[in-house]
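When the count follows my numbering, it moves up by one through the sequence shown with no breaks and lands on 372 for the last residue. One structure is given below, encoded as structure tokens.
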Amino acid sequence: MDIVLILLVAATIIVALSVAYNLLHYVLFLMVTHPRDASGIGQQLNPFEQRQLVEWAPRPDDFLKHDDEKRTYDDVFGTYRDEEANYSTCIFPRTAFSQAYEAEYALLKPKDGMRLLDLGCGSGAAAAYLSSRRNIDIVCVTNSSVQADICRRKFAKLGGRGQVIVTDFDSLDLPNDSFDAIYSLESIGYTKDLDTWLARCWRMLKPGGRLLVRTPGSLDHCRREEDYRSVTAFFDNWRYNFVGANLLVYKLRRLGFGPIRYRRLQFWAWGLTWNFFQHLLLWKYRLKMRTFVELERIIWRTSKVFVFGNPYNIVLAIKPKAARLSEVPPQTECTDQSAS
33 MDIVLILLVA ATIIVALSVA YNLLHYVLFL MVTHPRDASG IGQQLNPFEQ RQLVEWAPRP
93 DDFLKHDDEK RTYDDVFGTY RDEEANYSTC IFPRTAFSQA YEAEYALLKP KDGMRLLDLG
153 CGSGAAAAYL SSRRNIDIVC VTNSSVQADI CRRKFAKLGG RGQVIVTDFD SLDLPNDSFD
213 AIYSLESIGY TKDLDTWLAR CWRMLKPGGR LLVRTPGSLD HCRREEDYRS VTAFFDNWRY
273 NFVGANLLVY KLRRLGFGPI RYRRLQFWAW GLTWNFFQHL LLWKYRLKMR TFVELERIIW
333 RTSKVFVFGN PYNIVLAIKP KAARLSEVPP QTECTDQSAS
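Here you go:
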């Protein structure tokens, strides 16, 4: 009888943990798909964000460079490149093991006949999912020829509706008003000119089009020089800029986007997701990225409030239906950068 009772208790605990874990994913899914109005943020940049714009801008010679061993993008990711791999740190399915990119589908609202642009498509996991749900055309941009081949194979299974361009997205030149939606999932941090990148998105979007940006980390609540210097080590090794919601909204508003909505998910929440666990273990033990060993040291010596409160950012911006290219305001960011 005691053994039966123990088994029942164990089974109850396992079921309860499973329900709680899936409930966490569902709550995160609801939060991501119902972002908040951004009118309360992005009014000004703090001193660390102003310095970030100058000190953390990737350079042209950083192209395809990852971690402090100077390996290329394909060197790093080649060991787990496959048809099903996604390269995002965090995705938000309704439950832990359900279809990925459901939240992106809800935010982008693709309809048959629409044209989408994926900036930094990785293996094309998001593009393939969106294409499988709707009869849409997607242009994928990647700087990896091997990733491009994976994307093309996926699109071939979907009737060849997608196009893949192999280039650095900072040099992308596509016609004005040509996309109904543009999305960037954790790739905006690699741009070497944030203002030009955002202005290009404005130009390529049709009036009424949507721009969706997901990016991990930010400095919008950084308050200590020690924290700023510690996290700088991550940029030095990885060449990825933590472009937070406050900074993005600040710049998007000046371009004329509106309405703008956002959602911040604190690290303690999004760091518990199944996808994040998979990637953290993968990066550290299989890809042997020294960056993430260094990141653990950074966390140890940095303010825990700063680290565990650091958010994962989702920003959704709409180009007004009445907008025209000539309405793009001149860039005046030098006044902010000079403060650094």
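Think of the CB as a built atom: it goes at the ideal place given N, C-alpha and C, for glycine as much as any other residue.
Pairing G156 with I197 gives a Cβ-Cβ distance that is not under 9 Å. Around the C-beta of K283, 16 or more other C-beta atoms lie within 10 Å, and the residue is accordingly described as buried. Spatial neighbours of T334 in its own chain (CB-CB distance under 6 Å, excluding positions within 5 residues in sequence) are listed in chain order as D259 and S262. As the crow flies, the alpha-carbon of A89 is around 11 Å from that of T264. Secondary structure note for F274: it is in no alpha helix (DSSP H), with a DSSP letter that is neither H nor E.
Across the structure, S120 and R147 are spaced so that their CA atoms are roughly 22 Å apart.
Listed in chain order, the non-local C-beta contacts of F187 below 6 Å within the same chain comprise G194, local neighbours out to five positions each way being set aside. Where A349 is concerned, the enclosing beta strand (DSSP E) starts and stops at P343 to I350.
Looking at the backbone, the Cα of K141 and that of L348 are separated by about 12 Å. Taken in chain order, the whole beta strand (DSSP E) runs of length 3 or more contained in the stretch 213-290 are 237-248. G240 counts as exposed, since fewer than 16 other beta carbons sit within 10 angstroms of its beta carbon. Restricting attention to G74, R165, G303 and Y222, the CA atom closest to the CA of Y344 is found in G303.
Under the three-pair Cβ rule at 8 Å, the stretch 216-235 does not count as touching the stretch 39-48. Residue pairing for Q195: DSSP places it in a beta bridge opposite V171. In the DSSP annotation of this structure, Q298 is not part of any alpha helix (DSSP H); the continuous beta strand (DSSP E) holding it starts and ends at I292 to Q298. The residues K283, L284 and L287, in chain order, have a CB closer than 7 Å to that of L230 in the same chain once the five nearest residues on each side in sequence are set aside. Looking only at I292, Q131 and D268, the smallest Cα-Cα distance to R165 is reached by Q131. Take N167, set aside five residues on each side of it, and the residues of its chain with a beta-carbon closer than 8 Å to its own are D144, G145 and R193, in chain order.
Of the candidates P248, V275 and H253, the residue whose Cα lies closest to the Cα of D227 is V275. The continuous stretches of beta strand (DSSP E) do not include R185, which lies in the alpha helix (DSSP H) extending over residues S177 to K189. The three-state reading of DSSP puts L148 in strand, counting E and B together. Taking C-beta atoms as the reference points, C233 and L151 count as a pair closer than 9 Å.
Membership of L140 in the alpha helix (DSSP H) is indicated by the continuous run E134 to L140. Less than 9 Å separates the beta-carbon of R295 from that of M63.
Put simply, of L244, Q298 and P207 the residue whose alpha carbon is nearest the alpha carbon of L251 is Q298. Closest in C-alpha terms to R126, from the list I350, V339 and W306, comes W306.
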